[in-house]
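The sequence shown begins at 162 in my numbering and counts up by one. Inspection log for the structure reproduced underneath, given as structure tokens.
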Amino acid sequence: MCTTNESQAARLGKRVIYQIYIKSFSDSDGDGLGDLRGITQRLDYLADLGVDCLWITPFFPSPQRDNGYDVSDYCAIEPTYGTMADFEELSREASARGIGLMLDMVFNHTSTEHAWFQRALAGDPKYLAYYKFVDAAPDATADDPGEPPTNWQSKFGGSAWQYVPSLNKWYLHLFDVTQADLDWDNPDVRAELAGVLRFWRSHGVNAFRFDVVNLISKPAAWESDETDGKRFYTDGPHVHEYLQEMVREGGIDGLLTVGEMSATSIENCIRYSNPTFHELSQTFSFHHLKVDYLDGQKWALKEPDITELRSMFRDWQERMTAGGGWNALFWSNHDQPRPNSRFGDTERHWYESSTLLPTCTHLMRGTPYIFQGEELGQTITDFTSIDQYRDVESLNYYRILQEQGHTPEEAFHIVHARSRDDGRTPMAWDASENGGFTTGEPWLALTGNYDRINAQEEMADPHSVRAYYQRLIALRKQLPVVQAGDVHFLDTPSDKVISYERTLDGVRVRVQCNFSGERQPSLATDGGELLIGNYDEPATFLRPWEAVAHIWR
Ligand code: GLC
162 MCTTNESQAA RLGKRVIYQI YIKSFSDSDG DGLGDLRGIT QRLDYLADLG VDCLWITPFF
222 PSPQRDNGYD VSDYCAIEPT YGTMADFEEL SREASARGIG LMLDMVFNHT STEHAWFQRA
282 LAGDPKYLAY YKFVDAAPDA TADDPGEPPT NWQSKFGGSA WQYVPSLNKW YLHLFDVTQA
342 DLDWDNPDVR AELAGVLRFW RSHGVNAFRF DVVNLISKPA AWESDETDGK RFYTDGPHVH
402 EYLQEMVREG GIDGLLTVGE MSATSIENCI RYSNPTFHEL SQTFSFHHLK VDYLDGQKWA
462 LKEPDITELR SMFRDWQERM TAGGGWNALF WSNHDQPRPN SRFGDTERHW YESSTLLPTC
522 THLMRGTPYI FQGEELGQTI TDFTSIDQYR DVESLNYYRI LQEQGHTPEE AFHIVHARSR
582 DDGRTPMAWD ASENGGFTTG EPWLALTGNY DRINAQEEMA DPHSVRAYYQ RLIALRKQLP
642 VVQAGDVHFL DTPSDKVISY ERTLDGVRVR VQCNFSGERQ PSLATDGGEL LIGNYDEPAT
702 FLRPWEAVAH IWR
């Protein structure tokens, strides 16, 4: 049933997407926050890197409780980020350089400041039906609202339900209390959201990312379980049907679209991304980024388990290919700590760690994503105090970890390793004050090493991490085997080595990545030509954090 659609590889396999976290990318007006004009000013940098499309995180009006993922108007622009004219200029200038824009649609929830939610709060039945409101007990009071409808936990900590005394109802928020879940079972809601897509289509946008989109369909009955309830709404009952409708009504079938899929399954991702189903063109899944979660818990640390990492990659690469699905390939985004610090050793092998990771994913089958600053090898923050953090999730968990019995030092240590702010520190453009990101006070401090790790420095150095990314991007554009080849993983003599092959029309590429600081045995590469590698001299074994690819043609 699910055969690979050939045009899928042709359409998606050549592209490389660059993610811009707008707040931290480039500030054109000195207010300490990045903005749309800041992006326009940096387009030559991005064109030179070789990327095809920019995913820009939400820049719509928002109280910024979750940095723009709490949208209060889907069809306008947050004034601190610019104006519609700024957006149009960015779009024109990007397109003149052959670069497209991907907008971030946060459709699972709105901000509680959205006009729809405000009308609901005022008691308007039409808008009450836009959200997941549930009646509270008749005798509920603000001081004693009783039990919420289910035991579901918010992803940011605490109950996923909030009581509203004036309505004597609870509403569902899977994220922050100011991010109210929309009711996708209501056809009016689905029609509104399709209208948002048509609005941005009419502004020339032809790529979209959908935030936590596998959570949109909630069950018909409110049930609890012994854990956090996520099994009831993850890849929920009508999710495929609703996505198909959104794609059809929003006029986005066949476009470049990616869904962020929380705790999903391969079977569902095949349905989300195989073109036969007319849903999305690719999916982000996160299982490979949980291999350093102790017992699956984000806020409990363990060393990355490379055996598990390899088996995750193997499953997702091989089974998605067999099912005609398409993976977004990534290590990093605005919700993840910097991966070179997390999976590598940036103290002793910064260059090798920062180039090993993209070698591993960029040559896989799928579409690679680069998160701003990753191409420079930006590292985890050097923050020393909780006061330096801004992220709502990090601040919540700093408190919750202490409530669970951790000392403030332990709580800080965990937050420091896991905070989303680790990836959100501003982009380092040069060695001047605040890395050339802003002339004002940056909203979040830069990582202290920006005097060494910055764009200007690396653009002048042909052996920089950035130059290595440029080579990887160029290889994808040149080689059909990378764009469209089959993929299969190899057994290796060491459990610290991840190795796979891509094959197409008699051409074979073999990738070997040593995820350790020790020398490891290498597979034979006789007759192969070196395609790319992060050490200059060849060797018969793999050196610390070495990544190497050979080609037979
Ligand atoms: C996604 C976003 C994240 C946001 C959440 C709620 O996971 O990437 O930043 O907090 O959805 O919208």
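Where is the CB? At the ideal position from N, CA and C, for every residue including glycine. Computed from a predicted model, the values in this text were never measured in an experiment.
Cβ-based burial, residue i [other Cβ within 10 Å; buried from 16]
| i | result |
| --- | --- |
| Phe702 | exposed |
| Ser272 | buried |
| Glu602 | exposed |
| Asp582 | buried |
| Arg258 | exposed |
| Met162 | With a pLDDT of only 34 at Met162, under the threshold of 50, the placement of this residue in the model should not be trusted, and no figure is reported. |
| Gln458 | exposed |
| Arg704 | buried |
| Ala700 | exposed |
| Val400 | buried |
| Pro348 | exposed |
| Ser625 | buried |
| Leu691 | exposed |
| Glu716 | Absent from the model: residue 716. The displayed extent of the chain is 162 to 714, so no value can be given. |
Beta-bridge partners of residue i, as assigned by DSSP
| i | result |
| --- | --- |
| Arg176 | According to DSSP, Arg176 bridges with nothing at all. |
| Thr271 | Ala341 |
| Arg579 | None; Arg579 has no bridge partner. |
| His711 | Arg671, Leu691 |
| Ile217 | Ile181, Leu264 |
| Phe248 | Partner(s): none; Phe248 has no beta bridge. |
| Glu479 | According to DSSP, which records beta bridges pairwise, Glu479 is partnered with nothing at all. |
| Asp346 | For Asp346, which the question treats as bridged, DSSP gives no partner whatsoever. |
| Gln681 | Leu703 |
Closest by C-alpha distance to residue i, when choosing among the options
| i | options | result |
| --- | --- | --- |
| Thr608 | Tyr550, Met620, Val626 | Tyr550 |
| Val408 | Ser385, Arg351, Ala461 | Arg351 |
| Pro222 | Trp216, Val232, Asn228 | Val232 |
| Ile183 | Phe220, Pro603, Ile427 | Phe220 |
| Trp492 | Gln225, Ala341, Ala171, Gln180 | Gln180 |
| Arg663 | Ala297, Gln478, Val212 | Gln478 |
| Gln644 | Lys175, His401, Gln169 | Lys175 |
| Gln314 | Gln279, Asp386, Glu707, Leu328 | Asp386 |
| Arg579 | Lys293, Glu554, Leu517 | Glu554 |
| Gly356 | Arg392, Gln539, Tyr235, Val212 | Tyr235 |
| Leu470 | Asp656, Arg680, Pro224, Thr599 | Asp656 |
| Thr444 | Ala237, Leu204, Met422, Pro654 | Met422 |
| Gly397 | Ala382, Glu698, Gly411 | Ala382 |
| Leu210 | Lys638, Lys293, Glu690 | Lys638 |
| Leu251 | Glu402, Gly307, Val366, Asp304 | Val366 |
| Ser446 | Asp304, Met473, Glu440, Ala461 | Met473 |
| Ile541 | Trp345, Gly415, Glu707, Arg499 | Arg499 |
| Gly415 | Thr425, Asn429, Tyr433 | Tyr433 |
| Glu707 | Glu239, Arg526, Ser677 | Ser677 |
| Phe598 | Leu173, Gln169, Ser189 | Ser189 |
| Leu517 | Gly527, Asp506, Leu684 | Asp506 |
Closer than 8 Å: residue i CB and nearest ligand 1 heavy atom
| i | result |
| --- | --- |
| Lys316 | yes |
| Phe532 | no |
| Asp496 | yes |
| Arg551 | no |
| Phe294 | no |
| Asp687 | no |
| Val357 | no |
| Glu554 | yes |
| Asp583 | no |
| Asp342 | no |
| Glu707 | no |
| Glu402 | no |
| His270 | yes |
| Glu721 | Because residue 721 is not part of the residues shown, which for the chain are 162 to 714, the question remains open. |
| Tyr230 | yes |
| Phe336 | yes |
| Val267 | yes |
| Ser423 | yes |
| Asp372 | yes |
| Asp389 | no |
| Asp456 | no |
| Asp227 | yes |
Chain D within 9 Å of residue i, Cβ atoms only
| i | result |
| --- | --- |
| Glu479 | Annotation note: the requested chain D is absent from the structure, which comprises a single protein chain. |
For this session: Spell out a yes or no on whether the stretch 535 to 548 and the stretch 624 to 636 are touching, meaning 3 or more CB-CB pairs, one atom from each, closer than 8 Å.
Result: yes
Exercise. If you pair each beta-carbon of the stretch 372 to 384 with each one of the stretch 267 to 278, do three or more pairs fall below 8 Å?
Worked result: yes
Exercise. Counting pairs of Cβ atoms below 8 Å between the stretch 611 to 627 and the stretch 583 to 600, do you hit three or more?
Worked result: yes
Problem set entry | Cβ pair count under 8 Å reaching 3, the stretch 660 to 676 against the stretch 566 to 573 | no
Problem set entry | Cβ contact (3+ pairs, closer than 8 Å) linking the stretch 191 to 198 and the stretch 241 to 255 | yes
Problem set entry | Three-pair Cβ contact test at 8 Å for the stretch 300 to 318 versus the stretch 335 to 343 | yes
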